[in-house]
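Peer 1:
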């Protein structure tokens, strides 16, 4: 595969861009593979990539019922941060964030990582105390965050109204190296790198069943026939419950809709990411100039990829008080994704009752930021069959044992 | 917008008037239960893509809990019924089967 570079652009410019190759191949499935990853979203593709890169396992198929990166990878608000309270969360999210720093160079694909800085506004005294605690926890974890006062917030975000009255800005948890990345490019970059290693990315191939013998997975029934495998990794986010049911076990996960929306493009006005958890809203400005706004989840089970309208209204109503200038913006598009929520709002990277089947799910409302770290840790779990340091705390036995990684209290809301 | 009829006060309430309560008919386990039973009660959920039975509360109305049968893939509401029961009413099950011939029934 030809590398992308400034010379490649110059070469192609001279021949009317006729020489660009397809970024990844679309082969027919083989009879069997060493590893099948179900789900070609960011997490699935990253899992495959690190299986090849860190463990030399390249006889891998990534199968996808829709198209590559067409689920939550293409539906999120692209926020990257690692300012979590609990140690296991901070470890895996910081691993992901640090991998994002060099991901474009590593994949030879511009994922447009933009560490523009991220603010989590404290708008109640409860939040002030909570975020001060998080700053101290992050210091111990080696995650660089700081507490800043309202004047500094105003300096970083001139369009913000810090005076309230209902939601005054009392300060913020600031992560200077948090930011955003181009969500599609993350999936495409990993897919291209996987394809280059000889892995098969098979789209339009829905898993219909999991075949097993004596408690061991032997393969998957798909719309493109039976595909055998020595190991199976289920990385399907919102539909984890369905695939787990095919494999014969049940998950502590419920699927709900999470929505986001973007405004018409406007001139640059905000060069940081702002999250306002009291009002369930977060906002950043895309490179195209759109204000990208995310809201809260619905609270009932839903697979329709669209959410309830009143949540948008609630989010915008509250954000308008904090950002008065957005009150006249027209909203261009709204969409929903199906997120898999666990009881403690932390992910599951786990062995399953089937010996050679592993699951990576439960990222809920915050999966995009974790893609490289999740793939890194999941690859280790699949390759060695045992949880590594990043995954040890995220086994699904933690629910039975009462060892929650409670980020629902830490974050309070969608994250 | 989701509209459910409250079986107590008969109001056709839209979802801003209601509060969702997730899966209905959970079998509750308490002291003396095995770890498996308690885990299944506390955490394991059906989370189906299709027909689902769930709890709702008419929070800005009569304030009572009721149960609803709903399709999670289409948001179609099959019916609602009072909460004082441990299984869905048979006539509701028949009505759902008529609309969803492939449905395996209430388990």
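Protein chains in written order, with full-length UniProt numbering: chain W, 1 to 415; chain R, 1 to 107. Yeah, the Cβ is synthetic: ideal placement off N, Cα and C, and Gly gets one too.
Taking 7 Å as the threshold (beta carbon to beta carbon), is residue 39 (chain R) in contact with chain W?
Peer 2: Yes - at least one Cβ of chain W is within 7 Å of the one on residue 39 (chain R).
Peer 1: For residue 49 (chain R), return the contacting residues in chain W, with the cut-off set at a CB-CB distance below 8 Å.
Peer 2: Per Cβ cutoff of 8 Å: 239, 241, 242, 255, 303.
Peer 1: What three-state label does DSSP hand residue 106 (chain R) in the structure shown?
Peer 2: The answer is coil: DSSP assigns residue 106 (chain R) none of H, G, I, E or B.
Peer 1: Under 7 Å between the Cβ atoms of residue 377 (chain W) and residue 57 (chain W)?
Peer 2: Cβ atoms of residue 377 (chain W) and residue 57 (chain W): not closer than 7 Å.
Peer 1: Let me check one thing: in DSSP terms, what residues is residue 229 (chain W) bridge-paired to?
Peer 2: Residue 229 (chain W) is bridged to W:33.
Peer 1: Below 7 Å on C-beta distance, what does residue 250 (chain W) contact in chain R?
Peer 2: Correct list: 44.
Peer 1: Pull up the CB-CB distance for residue 349 (chain W) and residue 297 (chain W), whole angstroms please, since I reckon it's below 8 Å.
Peer 2: Going by Cβ atoms, the distance from residue 349 (chain W) to residue 297 (chain W) rounds to 22 Å, so no, they are not a contact pair.
Peer 1: Candidates W:80, W:263, W:248: which alpha carbon is nearest residue 421 (chain W)'s?
Peer 2: Residue numbering for chain W in the displayed model covers 1 to 415; residue 421 (chain W) lies beyond these limits and cannot be assessed.
Peer 1: Check whether chain R comes within 7 Å of residue 337 (chain W), counting only Cβ atoms and requiring the distance to be less than that.
Peer 2: No, residue 337 (chain W) lies away from the interface with chain R (no Cβ there is under 7 Å from its Cβ).
Peer 1: Do residue 148 (chain W) and residue 154 (chain W) have their beta-carbon atoms positioned less than 7 Å apart in this structure?
Peer 2: Cβ distance not < 7 Å, so residue 154 (chain W) and residue 148 (chain W) don't count as in contact.
Peer 1: Determine, for residue 311 (chain W), whether the minimum Cβ-Cβ distance to residues of chain R falls below 7 Å.
Peer 2: No, because no Cβ of chain R sits closer than 7 Å to the Cβ of residue 311 (chain W).
Peer 1: Can you find the residues in the same chain that come closer than 8 Å, C-beta to C-beta, to residue 207 (chain W), ignoring five residues on each side of it along the sequence?
Peer 2: Only 38, 63, 65, 220, 221, 222, 243, 246 meet the Cβ criterion.
Peer 1: With a threshold of 16 other CB atoms inside 10 Å of the CB of residue 193 (chain W), please say whether the residue is buried or exposed.
Peer 2: Buried, since its Cβ has 16 or more Cβ neighbours within 10 Å.
Peer 1: Is DSSP giving residue 285 (chain W) helix, strand or coil here?
Peer 2: DSSP places residue 285 (chain W) in strand when its eight states are reduced to three.
Peer 1: At the 7 Å Cβ level, is residue 299 (chain W) part of the contact set with chain R, yes or no?
Peer 2: So, interface residue.
Peer 1: Once the 5 residues before and after residue 381 (chain W) are set aside, which same chain residues still bring their CB inside 7 Å of it?
Peer 2: Closer than 7 Å at Cβ, skipping near neighbours: 349, 358, 387, 388, 391.
Peer 1: Can you find a C-beta in chain W that's less than 7 Å from the C-beta of residue 52 (chain R)?
Peer 2: It does; some Cβ of chain W falls within 7 Å.
Peer 1: Could you work out which residues of chain W lie near residue 33 (chain R), taking near to mean beta carbons separated by less than 9 Å?
Peer 2: Within 9 Å Cβ-Cβ: nothing; residue 33 (chain R) doesn't reach chain W, min ~12 Å.
Peer 1: Pick out whichever of W:264, W:42, W:214 has its Cα sitting closest to the Cα of residue 288 (chain W).
Peer 2: Nearest option by C-alpha distance: W:264.
Peer 1: Using the rule of at least 16 other Cβ atoms within 10 Å of the residue's Cβ for burial, across every protein chain shown, is residue 67 (chain W) buried or exposed?
Peer 2: The residue in question, residue 67 (chain W), is exposed, as its Cβ has fewer than 16 Cβ neighbours within 10 Å.
Peer 1: Going by C-alpha to C-alpha distance, which of W:32, W:180, W:306, W:319 sits closest to residue 227 (chain W)?
Peer 2: Among W:32, W:180, W:306, W:319, the Cα nearest to that of residue 227 (chain W) belongs to W:32.
Peer 1: Please list the residues of the region 386-401 of chain W that have a C-beta atom closer than 7 Å to any C-beta atom in chain R, keeping them in chain order.
Peer 2: Answer in chain order: 399, 400.
Peer 1: Quick one, which of W:299, W:270, W:307, W:304 has its alpha-carbon nearest residue 292 (chain W)'s?
Peer 2: Out of W:299, W:270, W:307, W:304, W:270 has the C-alpha closest to the C-alpha of residue 292 (chain W).
Peer 1: Grouping DSSP H, G and I as helix and E and B as strand, with all else coil, what is residue 93 (chain W)?
Peer 2: Correct three-state label for residue 93 (chain W): helix.
Peer 1: Alpha carbon to alpha carbon, how far is residue 341 (chain W) from residue 6 (chain R)? Give it in angstroms, no decimals.
Peer 2: About 27 Å.
Peer 1: Anything in chain W within Cβ reach of residue 83 (chain R), meaning under 8 Å, just list it in chain order.
Peer 2: In chain order: nothing, as chain W lies at least about 16 Å away.
Peer 1: What residue from W:213, W:50, W:239 has the CA that sits closest to residue 230 (chain W)'s CA?
Peer 2: That would be W:213, whose Cα lies nearest to the Cα of residue 230 (chain W).
Peer 1: Going along chain R in order, which residues have a C-beta closer than 9 Å to the C-beta of residue 308 (chain W)?
Peer 2: Residues of chain R passing the Cβ test: 1, 2, 15, 16.
Peer 1: List the residues of chain W that residue 75 (chain R) touches, going by C-beta distances under 8 Å, in chain order.
Peer 2: Simply 302, 304.
Peer 1: Less than 7 Å between C-beta atoms, sequence neighbours within five positions excluded: which residues of the same chain meet that for residue 69 (chain R)?
Peer 2: Closer than 7 Å at the Cβ level, and outside the excluded window around residue 69 (chain R), lie 51, 53, 78, 79, 88, 92, 96.
Peer 1: Can you check whether the CB of residue 327 (chain W) is closer than 7 Å to the CB of residue 320 (chain W)?
Peer 2: Cβ distance < 7 Å, so residue 320 (chain W) and residue 327 (chain W) count as in contact.
Peer 1: Within 7 Å of any Cβ in chain R, is that where the Cβ of residue 343 (chain W) sits?
Peer 2: Closer than 7 Å: yes.
Peer 1: Using a C-beta cutoff of 7 Å, does residue 20 (chain R) count as contacting chain W?
Peer 2: Interface residue, yes.
Peer 1: How about residue 183 (chain W) and residue 352 (chain W): are their beta carbons less than 7 Å apart?
Peer 2: Contact flag unset, no.
Peer 1: Looking only at C-alpha atoms, which of W:91, W:238, W:100 sits nearest to residue 372 (chain W)?
Peer 2: When each option's Cα is compared against that of residue 372 (chain W), the closest is W:100.
Peer 1: I'd like to know if residue 72 (chain R) contacts chain W, where contact means its C-beta is closer than 7 Å to some C-beta of that chain.
Peer 2: Closer than 7 Å: yes.
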